[in-house]
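Scroll down for the structure; my scribbles are underneath it.
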Amino acid sequence: MKSNFKRASLLLAGIMVGGSSFAQTTDSTSTSNYVKPFSEGGAFRSWSIGIHGGMLTTHTIFGTMNHQDFRSPHEQIGYGAYIKKQISPSFGLQADFLRGKVTGAVGQPNASGPQSFSTNLNWAGALSAHFTLANINWRHQKGAIQPYISLGGGFIGYKPTVTNADGSTVTFGNGSDVKEFYFPVGAGFKVNLGSGVNLDLGYQVNFVANDNFDGYNYGNSSDKFSYAHIGLEFALGSSKKPQLATYNPVNSMRTEYMWEAKNLQAQVDAGKAENQKLRSDLDATNANLAKLTTDSDGDGVVDVSDKCPNTPVGTKVDGQGCPLAKPEVKVYVTEEDKKIVKDAIKNLEFDLGKATIRSTSYPSLDRVANLLIEKNFSLKLAGHTDNTGSAELNLRLSKNRAEA
């Protein structure tokens, strides 16, 4: 039993030392149980109560049993409760109550000395300072396990009874409770089972300020006993508030930073979306303007107003892009005009047998040419040579003279 208890104590101590490396809550920016950085204490659940039960024994992790009043400890049941006020995430004050029985046997080699003892631990009350470790975490929202150490002082009331070698029993202090000052020193860790419930696993060594806890004085050292326990802690207050003991202030600052980063990113994304919308609107406006100014057939009327698209190049059109009707041009031939032509015909002379116009006919022909140009006249010529010569020769000469 003694060996098993030693191994259990060492295992518990090892777990407490390595508690900070156990499971952590997932890193996130969730608003669940979120508290703004530097908030007042009212934002947290800082009061809690706890109950626990475990094993009481005179064996401790400090020293060996060879120097104790009784060298063979017997494990007994102990139980207790506490109320705790958390001052900060890493520090709190705890009022403890403990009750149980402590027994042992195999006294020191002394024929007349007691061989066993039984001490009723009627009550023990102490005020302890609790230091929570590993609350500051730069990677996770909060730790699922919080290691702690404690140190305190208080008063203890007990009634020891010893059994001598001859079987007689002696109650120390004439049967009345012995009251002494004691110093509880402990360590352990708490596991978060829920938003307001923690599993408490701890180990505590209680140093009594006297050597009469077991009813027997041996040597010059004071008595001590240990208490390994398991229990439950219940946080008091609104379930919407986080426990101050599990609060990670670094995560609150990180959450604020992440929210601000998300807000800034949202503003940037909104700005990009607005710019894209403006760009789309501008493209649509430019496309509409292009439609209002495009003249595909080049007739001077834009397409949106052109009711006769694809008119041939150079066609004169009206305001709707349709071809204009060609004006009817009336030609008026005056008597003077007729006279000029008549005089030219009368005065027209060719060299004999040739298509060469004689110079005497030039003035009258010039007047005809000017008339044709000024009034846009056209002149149809008809005539023939005399019948001298062959018909073929006369036809060719007539044609040449007309062209002249």
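Each residue of the sequence shown is one higher than the last, beginning at -19 in my numbering.
We put the beta carbon where it would ideally sit given N, CA and C, even for glycine.
Helix, strand or coil for residue i, going by three-state DSSP, please let me know.
i    : result
K242 : helix
Y59  : strand
L216 : coil
I41  : coil
V86  : strand
K296 : coil
Q48  : coil
V185 : strand
G153 : helix
E160 : strand
V281 : coil
A75  : strand
T274 : coil
N255 : helix
T112 : strand
N100 : strand
P343 : helix
T143 : strand
Y237 : helix
K319 : helix
L224 : helix
S260 : helix
L107 : strand
V248 : helix
A349 : helix
A305 : coil
N192 : coil
L173 : coil
A23  : helix
Take residue i as the anchor and find which of the options has the nearest alpha-carbon.
i    : options                   : result
Y51  : I57, G58, C288 and T40    : In the sequence on display, residue 51 carries Arg and not Tyr. With distances taken between Cα atoms, R51 lies closest to T40.
G58  : Y162, Y198, G147 and Y207 : Y207
G195 : A85, W103, K257 and L262  : A85
G424 : T99, K322 and N290        : A query on residue 424 cannot be resolved here, the shown segment of the chain reaching from -19 to 384 and no further.
S26  : T38, S218 and E315        : S218
G30  : G134, L216, K322 and W103 : L216
F187 : F135, Q66, N268 and D146  : F135
H54  : V165, F42, K64 and M35    : M35
D146 : I320, Y62, Q223 and Q95   : Q95
V284 : G278, G105 and T273       : T273
S108 : Y128, K252 and L244       : Y128
G93  : Y198, N172 and R79        : Y198
G278 : G294, T38 and T226        : G294
D49  : F97, E308 and G251        : F97
V177 : L212, A253 and F71        : L212
R79  : T37, E316, K64 and P69    : T37
Y312 : D275, L352 and P289       : L352
Y227 : Q56, Y62, I67 and A61     : I67
F71  : H110, E308 and A61        : H110
A167 : Q56, S148, G132 and G155  : G132
P69  : Q247, A225 and T340       : A225
G155 : Y62, N102 and C288        : N102
P164 : G182, Q56 and V171        : G182
N172 : K252, V150 and A124       : A124
Compute the Euclidean distance between the alpha carbons of residue i and residue j, then round it to the nearest angstrom.
i    : j    : result
K220 : A23  : 9 Å
Q126 : G174 : 14 Å
P140 : Q184 : 21 Å
V82  : Y237 : 54 Å
V282 : S260 : 25 Å
K242 : D249 : 10 Å
D286 : E354 : 37 Å
A349 : G299 : 39 Å
A3   : S130 : With a pLDDT of only 43 at A3, under 50, the local geometry of the prediction cannot be trusted, and no value is derived from it.
Y162 : N144 : 27 Å
D451 : F42  : Here the chain has residues from -19 to 384 only, and residue 451 is not among them.
D157 : V142 : 15 Å
D346 : T314 : 18 Å
Q256 : N266 : 15 Å
E240 : L113 : 30 Å
K318 : P343 : 16 Å
Q74  : K159 : 21 Å
A189 : A106 : 14 Å
L179 : H32  : 10 Å
K322 : K306 : 32 Å
G60  : S148 : 32 Å
F77  : P222 : 26 Å
Q245 : L258 : 20 Å
S276 : A264 : 20 Å
E308 : P289 : 25 Å
Can we count residue i as close to the ligand FAD, meaning its CB is less than 7 Å from some heavy atom?
i    : result
T149 : For the ligand FAD, the structure offers nothing, since it holds no ligand at all.
Rounded to the nearest angstrom, how far is the Cβ of residue i from that of residue j, given a contact under 8 Å?
i    : j    : result
L304 : K310 : Their Cβ separation, rounded to whole angstroms, is 18 Å, which puts L304 and K310 out of contact at 8 Å.
N192 : F152 : 6 Å
S28  : F214 : 6 Å
T291 : G280 : That pair is no contact at about 10 Å.
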